[in-house]
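Residue numbers (this note's numbering): 1128 to 1265.
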């Protein structure tokens, strides 16, 4: 079964402030598959982190369609809070995050049965962080 590693990051300058997402997708052996670097308007850091995961999943669904059901995906993010909220370990206290949580949940159920979320240290998420900063610097 094909496996992809997806690094996601989101950030807001000012929190809230101008925000962006970065998505860096590789094969299991580290070969880059695609990347996303885009602004998302004004938001908080947490909203941007959620949006990065949603963007990654939407782009993967566009690229692979129904094949996503037969693939493995490991989303790596440096926000422990967002990882634990998406995994059901922590409650979501910000009502503004609930629509994105639902969007991500629905994508997981419908198209990503083999998806795992992994918290990684910030230094292991440099490519996604670079993409966030590139978008904000444009």
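Don't be surprised by glycine CBs; every beta carbon is placed ideally from N, CA and C.
Keep in mind it's a predicted model, so treat the numbers as computed, not measured.
Annotation: the continuous beta strand (DSSP E) that includes residue 1242 extends over 1242-1246.
According to the DSSP assignment, residue 1201 belongs to the beta strand (DSSP E) that extends over 1199-1204. Here residue 1135 is bridged, per DSSP, to 1150 and 1204. No Cβ-Cβ contact shorter than 8 Å links residue 1204 with residue 1256. Counting only residues of its own chain and dropping the five nearest sequence neighbours on each side, residue 1234 has a CB closer than 6 Å to the CB of 1184. Annotated three-state conformation of residue 1130 is strand, per DSSP.
The Cβ-Cβ distance between residue 1145 and residue 1166 falls below 8 Å.
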